[in-house]
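Chemist: Pasting in a structure now, in structure tokens, and then I'll have a few things to ask.
Residue numbers (the working numbering): 8 to 114.
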């Protein structure tokens, strides 16, 4: 374990009474309870910070993704429109199983 340093912490009486109740119930010392509580709180803050960073990152990426999607959509505007998908069959006739170009014929 890391080297320990002693600190003096002041608590209101009601909080200290609550701590003492928990310490007796869990058979721990005040010091251990405070250390665990501090570690728990630091983890909580770390997770909250990470969550905020993730939210901000996703929001920043949303704008970039929107711009890319619009750019790609403009790129596809130059391709011919073929009509409804149900006019095309992905199934090739038996005699053209090996002819890749025959697999997408208008039905």
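Ideal placement from N, C-alpha and C gives every residue a C-beta, glycine not left out.
Since I believe residue 40 is in contact with residue 26 (beta carbons under 8 Å), could you give me their beta-carbon distance rounded to a whole number of angstroms?
Modeler: Locating residue 26 in the chain shown gives position 19, where the first residue counts as 1. Locating residue 40 in the chain shown gives position 33, where the first residue counts as 1. Between residue 40 and residue 26 the Cβ distance is about 6 Å, and since that is below 8 Å, they are a contact.
Chemist: How big is the Cα-Cα spacing for residue 51 and residue 63?
Modeler: Looking up residue 51 in the chain shown gives position 44. Looking up residue 63 in the chain shown gives position 56. One C-alpha to the other measures close to 18 Å.
Chemist: Grouping DSSP H, G and I as helix and E and B as strand, with all else coil, what is residue 42?
Modeler: The count along the chain shown starts at 1 and reaches residue 42 at position 35. Helix at residue 42.
Chemist: For the alpha helix (DSSP H) holding residue 33, just list the boundary residues, first then last.
Modeler: As a position in the chain shown, residue 33 is number 26, starting the count at 1. Per DSSP, residue 33 belongs to the alpha helix (DSSP H) from 20-33.
Chemist: Between 29, 56, 58, which lies nearest to residue 44 when the distance is taken from Cα to Cα?
Modeler: The residue given as residue 44 occupies position 37 in the chain shown. The shortest Cα separation from residue 44 among 29, 56, 58 belongs to 29.
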